[in-house]
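In terms of mature numbering (1 follows the signal peptide of the UniProt record, and there is no 0), the sequence shown is residues -18 to -1, 1 to 112.
The beta carbon of each residue, even a glycine, is placed where N, CA and C say it ideally should be.
What follows is a single structure, written as structure tokens, with notes after it.
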Amino acid sequence: MMRAALALIGFAVATATAAATTPAAAAPACNVERGARAFETKCAMCHTAERGQGHMLGPNLSRVLGRRIGGAEGFRYSPALSNSAAAWDEKTLDLFLKSPAEAMPGTAMPFTGIKNADERAAAVCYLKGK
């Protein structure tokens, strides 16, 4: 009886350890080409991501990662973004791209979002290199 209990405890510990060290789902590889297509079809009508170019209807997204939200020099943001003290990172950008209005209530950005998680990840990947 004791031996069976110890075996069961050992199995439980081994299973828990394996579960804790095995990622549930591997992060998708950075797909710059897919990100460029997503940017071109969903973002480029209002934004550029090329260094040295000015703003369009939306701010230039070159070097957006690490930038303070609402902090592109020379662009007039809605109070929802300009009052933010946070900076854009992969997580905040992903949440914003999923649904700008939910991520930043009051944003002036009329875009409804990129619902597909892999497409959003590719867009973020693309912007990381800009």
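Bridge partners of R102 according to DSSP: none are assigned.
Boundaries cannot be given for E32, as no alpha helix (DSSP H) includes it and DSSP labels it neither H nor E. Between H37 and F57, the beta carbon gap of about 5 Å places them in contact (Cβ cut-off 8 Å). Residue pairing for R50: DSSP places it in a beta bridge opposite A69.
Here N42 is buried, its C-beta having at least 16 other C-beta atoms within 10 Å. For the set A54, T94, T74, A11, the Cα lying nearest the Cα of K24 is the one of T94.
Scanning G40, R16, S44 for the CA closest to the CA of L63 turns up G40.
Of all alpha-carbon atoms in L79, R45, G88, the one lying nearest the alpha-carbon of Y59 is that of G88. One thing to note: L47 has its Cβ within 8 Å of the Cβ of L75.
In this chain, the alpha helix (DSSP H) harbouring S64 covers 61 to 64. If you check the CB distance, I96 and K110 do not come in under 8 Å. Distances from the alpha-carbon of A85 to those of C107, A104, I51 put I51 closest. Per DSSP, the unbroken alpha helix (DSSP H) holding F21 starts and ends at 14 to 24.
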